[in-house]
Structures are given as structure tokens and as C-alpha cells.
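In what follows, a single structure is set out as C-alpha cells and then discussed.
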Amino acid sequence: MIVTKQGFLALAPQCTTTSELLSAAARRRGMDVEILGGAAPERRGAHYYGGPAFAARVAEGLEVALLEPSDDWLTTLPYAYTGRRIAMSTLDEARRLSRPAFVKPPREKSFPAAVYPTGADLPPGPDAAVLISDVVTWAAEFRLYILDGEIRTGSQYTTYGHLHAEPLEGHRHEPAVREFAADLLSTCGDTLPSAVVLDIGLLTPDHDTEWAVVEPNMPWFSNCYAAGPDRALDVVLRSAGPRSALAERDRRFCRHLGDAHLAG
1 MIVTKQGFLA LAPQCTTTSE LLSAAARRRG MDVEILGGAA PERRGAHYYG GPAFAARVAE
61 GLEVALLEPS DDWLTTLPYA YTGRRIAMST LDEARRLSRP AFVKPPREKS FPAAVYPTGA
121 DLPPGPDAAV LISDVVTWAA EFRLYILDGE IRTGSQYTTY GHLHAEPLEG HRHEPAVREF
181 AADLLSTCGD TLPSAVVLDI GLLTPDHDTE WAVVEPNMPW FSNCYAAGPD RALDVVLRSA
241 GPRSALAERD RRFCRHLGDA HLAG
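Residue numbers (full-length UniProt numbering): 1 to 264.
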């Protein structure tokens, strides 16, 4: 089957505002968009947007390479970039905490990422890897779409934990956001995939650092909020595109889904 040079965008069945925005952006550049059913389409040149659970069913058939940051990436950063102590641990270990801590799964949404007063307040479930960090207060949080070490677009998405989406372009904090991101990427950019979503935040004045990394995310499973969808799409396409086009530097960031050896 003949496909366009740009391939096509394959979407998980669940419709979201972001999938609609990315679909419209893809069509504007002449790409086909296909909402997947129970199996991957019999065509090549796919790029994917959707959740990891559905990706596990269709990634091998689509022959896509799904890029993602390493689970422990936050723990490898200097304190100057995090503004808090962060440790990789297990859910069983986290249940023994006697102090408040922010606990989250490193990738999946198997339980809510939140501040838990003690480990006993964590939800039930099987043992799994978790990130445990000191509790901090974010005055504002920003989502940045990064491609080859450069910000393609971005959005503020919260203020003091409440949804507040505004484009990065023209935002009063845009210069500070770009300065912090540029410094971080020049120092640690080679430890991230070439296409990644990076969340950073402005800490409240009671902390000893001003800007810090919130977390990295997978572009193929991220809400773009008020970021420009056309530029966000560039990052999404790289983050979940044909295995045949995978760059050597990104092979170590490929997700393995069961028997789908995406880095092969």
C-alpha cells in the first residue's frame, strides 16, 4: 500500500481534546488520520498517539518505536534542577513512610500521583516501582515540547495545583522558562529522548530554588493544554514513529511492550 511521505497518525479509540487538536494539525499537513479499533491497520508509516495500555496491543503491528524517558531520570538530576529530594523505590517501601511525601508511578497511572500524609494512606495494589519525593508547592507549572534539545512549543497548565492553561508564547514567565530549560538541556539533554515532554515549575518563595523540573513525559501520551498543536505534533511524530526511522541515539529510550521489541 502506498502511504504519504509523512506517514499517517494512528489514534487510540478514546477521543480527547489533545487527540482532536493533533488530528487537525496532521490533516493540515496532508497526513491521514486513523482511529484504531481492536487491531493495528495493515499499512506502514504509522505514528501513534494514545495510552500505553492500548499501545501494548497495537505497537508491534504498527511497527512504531515508542520513546520514553528512563524511570529514574529525576533521581539522576542535580538538586539545583529538582529543588527537592527524589528517590526511586517500591510501593511496599513507600507504605512504610511515616511522613508526608509525594508518591507517583514513574510512567503509568496505576494510582494517583499525590501527596500522601503517610505510607498507610497509599491505595491498595501490587508492589511496583514508585518515585518518592519531598513535598513542594508549585506556584506555576509549564509543559514544554522538546525536539532535538529545543523547545518547539509550550503551555502553562496549572497555578498552585489548579488547572490554568495559557500558551508559553507571550507568557510573562516565558524568558525564565526558556532560560531554565536551556540550561537544563545543555547539561542533561543527552539523558533524554530526542523527542520528549518536559514539565517544569516555579516554586513558591519559601523554597531554596526558584525553578525546578516537575517530571518528564511521553509526548505520545501527553495533554498539550494551550501549546501550539502544529508544533506539538512535530514532537509527537518523532516520539512514536516508524521503527525504520529510529535514530541510533534514541534506541535506549524505546519502550518494550511484551514481545514487541521496539528497539530492534
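Note that the Cβ used here is the ideal one computed from N, Cα and C, for glycine as well.
- In this structure residue 227 is buried. Its beta-carbon is surrounded by 16 or more other beta-carbon atoms within 10 angstroms.
- A straight-line Cα-Cα distance of about 22 Å links residue 149 and residue 210.
- For residue 106, no beta strand (DSSP E) run applies, since DSSP gives it neither H nor E.
- DSSP links residue 217 through a beta bridge to 197.
- Beta-carbon to beta-carbon, residue 31 and residue 54 are separated by about 20 Å, too far to satisfy the 8 Å threshold.
- The criterion of a C-beta distance shorter than 7 Å is satisfied by residue 22 and residue 233.
- With fewer than three CB-CB distances shorter than 8 Å, the region 120-131 does not count as touching the region 184-196.
- Considering only 248, 189 and 238, the residue with the shortest C-alpha distance to residue 73 is 189.
- Under DSSP, residue 242 forms a beta bridge with 64.
- Counted as a single uninterrupted DSSP element, the beta strand (DSSP E) harbouring residue 115 occupies residues 114-116.
- At the C-beta level, residue 142 and residue 161 stay beyond 7 Å of one another.
- Sequence-distant Cβ neighbours of residue 36 in its own chain, meaning closer than 7 Å and more than five residues away, are 10, 11, 12, 13 and 58.
- The count of Cβ pairs closer than 8 Å, one atom from the region 248-258 and one from the region 199-217, stays below three, leaving the stretches out of contact.
- Counting along the chain, residue 32 sits inside no alpha helix (DSSP H); it lies in the beta strand (DSSP E) bounded by residues 32-35.
- The Cβ neighbour count for residue 15, taken over all protein chains shown within 10 Å, is under 16; the residue is labelled exposed.
- Annotation: residue 159 to residue 80 spans about 22 Å, alpha carbon to alpha carbon.
- The C-beta of residue 169 has fewer than 16 other C-beta atoms within 10 Å across all chains shown, which makes the residue exposed.
- The alpha carbon of residue 114 has as its nearest neighbour, out of 108, 122 and 107, the alpha carbon of 122.
- Check the Cα spacing between residue 131 and each of 185, 214, 64 and 224: the tightest is with 214.
- Under the three-state reduction of DSSP, residue 41 is assigned to coil, being neither helix nor strand.
- With a cutoff of 7 Å on beta-carbon distance, residue 89 and residue 118 are scored as not near each other.
- Comparing alpha carbon positions, the residue from 105, 25, 28 and 48 closest to residue 219 is 48.
- For residue 205, there is no enclosing alpha helix (DSSP H), as DSSP gives it neither H nor E.
- Per DSSP, residue 247 lies in no beta strand (DSSP E) segment and is marked neither H nor E.
- A distance below 8 Å between beta-carbons, with the five flanking residues on each side excluded, links residue 107 to the following residues of its chain, in chain order: 52, 68, 71 and 218.
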